[in-house]
Amino acid sequence: MLQVPAIPNPPRATGALLSGSDAATRTQAIAPLPATGRSSSQTGSAASLPARAGNLPRAGQAVGGSALREPGLQQRLGALQQGQAYLDQLGEALQGLKSGLSQALARPQSAGQAGLQAQLEAVQQLWRARADAAGGALDARLQTPAEGEATRQRFRLRGLDLNTLASDGSETLRLSLPGQPRPVIVALDGRGLQPGLQSLQRALAPTGLRVETGGGELQFSVEESAWPALRDGLGIKGDGKRFPSGQTVRATLDPAADALAPAAWKLDGAEAQRRSLVQVLDAQARLSRARQALDQRLGAAETLGRDDGGDAAALHRFAAEFARAPTAVPLDYARLSALAPAVQGLHRGQVQQLLLPRGSEFL
0 MLQVPAIPNP PRATGALLSG SDAATRTQAI APLPATGRSS SQTGSAASLP ARAGNLPRAG
60 QAVGGSALRE PGLQQRLGAL QQGQAYLDQL GEALQGLKSG LSQALARPQS AGQAGLQAQL
120 EAVQQLWRAR ADAAGGALDA RLQTPAEGEA TRQRFRLRGL DLNTLASDGS ETLRLSLPGQ
180 PRPVIVALDG RGLQPGLQSL QRALAPTGLR VETGGGELQF SVEESAWPAL RDGLGIKGDG
240 KRFPSGQTVR ATLDPAADAL APAAWKLDGA EAQRRSLVQV LDAQARLSRA RQALDQRLGA
300 AETLGRDDGG DAAALHRFAA EFARAPTAVP LDYARLSALA PAVQGLHRGQ VQQLLLPRGS
360 EFL
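Residue 321 in numbering that gives the first Met the number 0 sits at position 322 of the sequence shown; the count goes up by one each step and never skips.
Take a look at the structure:
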């Protein structure tokens, strides 16, 4: 019959360490470590555990750190490439409309009005689909948002400009935003433009609305996805100085002009076609600048991706060498008991920090 050796009871202090709810946690953390089932006479003392580390690769040499610091890189690359594809498609449509307008102006008597109208409608349809078709890589001004941010819609709030913000007299504004249970309170003390602007910025920051000064105007912005609800549902009430008191009134929001306005291009008559041609040429120049900026962003992201690819390969090599490293000292119960206090409170972030190259933790 197979003889099963008895396992001696652990010392009192070790048993206390692994008791209760902590025992399950420590057991989970230690479970993946190899156990050979050899007797304690074959394994030596727990002090020999660090001997195995000498056979492992040095983490700072094998593992790069940028892969750990760049989450969502592939998604950004995909969005930028989708933005490029959208600009290419829109550029082709603009080129077709430009050729059609040039031919119509050169030969006014030619029967090409139906084709010209179809070309214009193709541009209009592409521009209306920009928010989705460009993958969030281009806003209405054909600018790329900062990394990690969505495209934003800029607008003015009629009745609240730099002059009214800087005017004398204290007043409390109450802005009722769609989806917000309580109005946003903006306390204006009438001490000038800068204090009033800071009060407005602090009050609106938790709502996702931003306010800044640019071009001599007070400009607000919100994520494009939230713009339709805000445009149709923002209410405001004051104390009778800058805005009326009593009943909350619907605020009037004026969106900033888009980079392109193909809905306003006309084709009825030579003069209208000539103006539309000028606008098409301006649109092509804007697209060219947008494409250059997008290409630069994509090139930087691809360079980072290649660096991260090298880091990923280094991570794989490190894992493979770790798996191949010989188990010089098998771990029995006594050694696991000695190892438990060393890993108590050790978190994933601490391990990742140890794996970064020397000096990269400050980048």
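Quick reminder that beta carbons are idealized off the backbone N, C-alpha and C, glycines included. Here the structure is a predicted model, which is why all the values come from computation and not from measurement.
Name the two residues that bound the continuous beta strand (DSSP E) containing residue 132.
Note, residue 132: premise wrong, no beta strand (DSSP E); alpha helix (DSSP H) at 129 to 132.
For the beta strand (DSSP E) that contains residue 170, what are its first and last residues?
170 to 175
Give the C-beta separation of residue 173 and residue 182 to the nearest angstrom, bearing in mind that I take them to be a contact with Cβ-Cβ under 8 Å.
4 Å
Would you say residue 85 and residue 132 are within 7 Å of each other, going by their C-beta atoms?
yes
Three-way DSSP call (helix, strand, coil) for residue 218 in this model:
strand
Can you pull the DSSP bridge partners for residue 248?
235
Those residues which DSSP pairs with residue 211 across a bridge
218
Got a sec, what are the start and stop residues for the alpha helix (DSSP H) residue 108 sits in?
Residue 108 -> no alpha helix (DSSP H), and no H or E assigned at all.
Contact check, residue 224 vs residue 151, beta carbons under 7 Å:
no
What residues in its chain sit with their C-beta under 8 Å from that of residue 97, if we drop five residues either side in the sequence?
276, 279, 280, 283
Residue from 238, 239, 249, 226 whose Cα sits closest to the Cα of residue 441
Outside the shown range of the chain, which is 0 to 362, sits residue 441, and nothing can be said about it.
Given 8 Å as the limit, is there contact between the segment 200 to 207 and the segment 257 to 264, that is, 3 or more CB pairs closer than that?
no
Residue 68 to residue 232, Cα distance in whole Å?
In this predicted model, residue 68 has a pLDDT of only 48, less than 50, meaning its place in the structure is not dependable; the value taken from the coordinates is given anyway. For residue 68 and residue 232, the distance between alpha carbons rounds to 40 Å.
C-beta contact flag for residue 82 and residue 136 at 7 Å
yes
If you follow the beta strand (DSSP E) that residue 157 is part of, which residue opens it and which one closes it?
First-last for residue 157: undefined, no H or E at that position.
Going by DSSP in three states, residue 254 sits in which element: helix, strand or coil?
strand
What's the C-alpha gap between residue 30 and residue 338?
Unreliable positioning characterises residue 30 in this predicted model, as indicated by a pLDDT of 41, which lies under 50. A coordinate reading is not provided.
Rounded C-alpha distance that separates residue 268 from residue 295
41 Å
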